[in-house]
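Student: Residue numbers (my numbering), protein chains in the order written: chain A, -13 to 206; chain B, -13 to 206.
Ideal Cβ positions, reconstructed from N, Cα and C, are used throughout, including at glycine.
There are 2 protein chains.
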Amino acid sequence: MSSLTETATAGPAARRLRQKEETRARILDAARELFVENGVEATTMRAIASRIEYTPTAIYHHFRDKESLLAELCALDFRALASALQRIGAIDDPLERVRRMGIAYAEFGLKNRSQYRFMFMTPSGQSMMDSNLVQKNNPEEDAYFFLVQTVEEGLKKGLFGPEFQDEHQLAQLFWSALHGMVSLHIAKCNDPWIEWRDPMATIRLSIDVMIRGTRRHHPA
Amino acid sequence: MSSLTETATAGPAARRLRQKEETRARILDAARELFVENGVEATTMRAIASRIEYTPTAIYHHFRDKESLLAELCALDFRALASALQRIGAIDDPLERVRRMGIAYAEFGLKNRSQYRFMFMTPSGQSMMDSNLVQKNNPEEDAYFFLVQTVEEGLKKGLFGPEFQDEHQLAQLFWSALHGMVSLHIAKCNDPWIEWRDPMATIRLSIDVMIRGTRRHHPA
DNA sequence: GGGGCCAACTTGACAGCGTTAACCTAACGT
DNA sequence: ACGTTAGGTTAACGCTGTCAAGTTGGCCCC
């Protein structure tokens, strides 16, 4: 077991590595807290550092820059979203699964507004994917791909109308409708200009409308 | 005509006022250009000022702060959007009008991405409305209200299914679906993670799906 | 077991940001 | 002719993300 050439899981070198990982994690935690409390742009490197009693510069030994740090946080939350949706995967009927996934997605977005904003409402140079924390086309980590799969299953079962052939287009259709409700509510919910209705109620209605609008008509 | 108590449209005082308005307008123009070229957060007060050969401080004699300046720009574009949609008001069938409005809206958003981002994708403390440049509930200036009116007309004509009663909820349903497509495309169109389909094609499809999903079923 | 080394972390700074106080000046009203 | 004021400038403040250089403490190897 304790050969000389083993990949170190014990010993001083391993401890140092573990310590490094731990401070990395502490940085991420502190960043997430401030991020959620005050929003992205109000979260400064100095504030993150001082919360864990480090110097701002220390962060740069663990992350290339602020955007990388946030991108990594973002990727973690995205995986959390994916695994939340995954738990709905058990439902048989693809359409019902789309409904439930949509509701779970919207709830996630409305509960984690800061993260949602950074994930989907901010053009961010680099993708979440290239942190290697999220495996593209793995349904357990890539929520979009999971939706595409579900839609594809619906297509194969002939549940959708004949003008819908492309699983990506159809997935983007569903996703966009939900994202529109969630993101508008996040960006403008305090704007007196719009007389907002209860967002979850409208979202449920929206999903039903989308399903009814794409479903194949009964041959009766 | 030239009474002593007239509201001055000539004379030195009026000229000064006109000059002030003019430099105000030049600030707005310069801001818009940079804003469109480089995006919101990359547009600095100093850059705006130097483009019109002024000092940064000069801007603060015309606008309270950066956000106010951008909010005013935003309000102007919002009026432009409203009047673009207005030109579609001539179409008789409310549903067809919704279709055409949706397409025009999406085209506007995809063509004016920087403005769209600031208008609808950014939580912005103050509303566009409180600059008094956009009159709420005036369909010629308030594009949302124009949509509500159109939806209301459809409701009165009994074009929608019985579960749709609330013109605001229905308007938010349509708007959100469009906003979702436009905003996701603006934020993530360069992200290799998603295999994007042609946005306008998907938007047209989306509108048709929404209309089919909300329309009252033929009594045949 | 002591010398070299390297990684984690700090110090101190830089450039640029939005914004403000103090001043300056030319044109206005009286 | 003169005080006032509006429109503009100068210089600065406090903040941001970021980096070059220095410090320190523990590991590795001879």
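Please identify the residue among A:His171, A:Ala90, A:Val137, A:Gln121 whose C-alpha is closest to the C-alpha of alanine 61 of chain A.
Tutor: Of the listed residues, the one whose Cα sits closest to alanine 61 of chain A is A:Gln121.
Student: Any beta carbon of chain A sitting closer than 8 Å to that of histidine 165 of chain B?
Tutor: Closer than 8 Å: yes.
Student: Please confirm if threonine 30 of chain A has its CB atom under 8 Å from at least one CB of chain B.
Tutor: No, because no Cβ of chain B sits closer than 8 Å to the Cβ of threonine 30 of chain A.
Student: Where does arginine 201 of chain B fall in DSSP's three states?
Tutor: Three-state result, arginine 201 of chain B: strand.
Student: Taking C-alpha atoms, which residue in A:Met87, A:Thr30, A:Phe132, A:Asp63 lies nearest to serine 259 of chain A?
Tutor: Residue 259 of chain A is absent from the model: chain A starts at -13 and stops at 206.
Student: When DSSP builds the beta bridges, which residues end up paired with phenylalanine 150 of chain A?
Tutor: DSSP lists no partner for phenylalanine 150 of chain A.
Student: Might you give, ordered along the chain, the residues of its own chain that have their beta carbon closer than 7 Å to the beta carbon of alanine 44 of chain A, omitting 5 neighbours on each side?
Tutor: These residues qualify, in order along the chain: Ala35.
Student: From glutamate 27 of chain B to arginine 183 of chain A, what does the alpha carbon distance come to, in whole angstroms?
Tutor: Going from the Cα of glutamate 27 of chain B to the Cα of arginine 183 of chain A covers about 31 Å.
Student: For proline 109 of chain A and lysine 174 of chain B, what's the separation of their Cα atoms in angstroms?
Tutor: Their Cα atoms are separated by approximately 6 Å.
Student: Buried or exposed: where does serine 100 of chain B fall if 16 or more other Cβ atoms within 10 Å of its Cβ makes it buried?
Tutor: Under this definition serine 100 of chain B is a buried residue.
Student: Once you ignore the five residues that flank methionine 114 of chain A on each side, which residues in its own chain have a CB closer than 8 Å to its CB?
Tutor: Closer than 8 Å at Cβ, skipping near neighbours: Ala57, Cys60, Ala61, Phe64, Met105, Val120.
Student: By the DSSP assignment, the alpha helix (DSSP H) with serine 110 of chain B in it spans what residues?
Tutor: No alpha helix (DSSP H) holds serine 110 of chain B; DSSP gives it neither H nor E.
Student: Identify which residue in B:Ile172, B:Ile197, B:Arg50 has its Cα closest to the Cα of leucine 81 of chain B.
Tutor: Comparing Cα positions, the closest option is B:Ile197.
Student: Does the stretch 158 to 172 of chain B come close enough to the stretch 122 to 137 of chain A that 3 or more CB-CB pairs lie under 8 Å?
Tutor: Judged by Cβ distances under 8 Å, the stretch 122 to 137 of chain A makes no contact with the stretch 158 to 172 of chain B, as fewer than three pairs qualify.
Student: So valine 195 of chain A contacts chain B; which residues on that side make the cut at Cβ distance below 7 Å?
Tutor: In chain order: Leu159, Met196, Gly199, Thr200.
Student: With distances taken from CA atoms, which of B:Gly199, B:Lys52, B:Ser169, B:Arg2 is nearest leucine 145 of chain B?
Tutor: Answer by Cα proximity: B:Gly199.
Student: Do you know whose CA, among B:Gln72, B:Ile172, B:Gln151, lies nearest glycine 25 of chain B's CA?
Tutor: The candidate whose alpha carbon is nearest that of glycine 25 of chain B is B:Ile172.
Student: Relative to the C-alpha of phenylalanine 209 of chain A, which candidate in A:Ala90, A:Ala17, A:Glu126, A:Phe160 has its C-alpha closest?
Tutor: The shown model of chain A, from -13 to 206, leaves out residue 209 of chain A, and the question about it has no answer.
Student: Need the endpoints of the alpha helix (DSSP H) that threonine 136 of chain B sits in, please.
Tutor: Looking at the DSSP string, the run of the alpha helix (DSSP H) that includes threonine 136 of chain B is 129 to 142.
Student: Closer than 8 Å, CB to CB, is leucine 191 of chain A near chain B or not?
Tutor: Chain B, which has a Cβ nearer than 8 Å to the Cβ of leucine 191 of chain A, makes this yes.
Student: With the cut-off set at 8 Å, would you say alanine 92 of chain B and isoleucine 180 of chain B are in Cβ contact?
Tutor: The answer is no: Cβ separation not under 8 Å.
Student: Flag this pair as yes or no: are the beta carbons of arginine 186 of chain A and serine 169 of chain B separated by less than 8 Å?
Tutor: Note that residue 186 of chain A corresponds to methionine in the displayed sequence, not to arginine. The answer is no: Cβ separation not under 8 Å.
Student: Between glutamine 155 of chain A and chain B, is there a C-beta pair that is closer than 8 Å?
Tutor: Answer yes: the Cβ-Cβ gap between glutamine 155 of chain A and chain B drops below 8 Å somewhere.
Student: Distance check for tyrosine 130 of chain B and glutamine 155 of chain B, CA to CA, integer angstroms please.
Tutor: So the alpha carbons of these two residues sit roughly 12 Å apart.
Student: Beta carbon of arginine 103 of chain A, beta carbon of glycine 147 of chain A: below 8 Å?
Tutor: Not in contact: arginine 103 of chain A and glycine 147 of chain A (Cβ atoms no closer than 8 Å).
Student: Can you check whether the C-beta of phenylalanine 132 of chain A is within less than 8 Å of a C-beta belonging to chain B?
Tutor: Not closer than 8 Å to any Cβ of chain B, the Cβ of phenylalanine 132 of chain A fails to qualify, so no.
Student: Would you decide whether glycine 111 of chain A is buried or exposed? Buried here means 16 or more other CB atoms lie within 10 Å of its CB.
Tutor: Counting Cβ neighbours within 10 Å, glycine 111 of chain A comes out exposed, since fewer than 16 surround it.
Student: Taking just the CA atoms, how far does arginine 4 of chain A sit from glutamate 53 of chain A?
Tutor: If I take the Cα positions, the gap works out to 24 Å.
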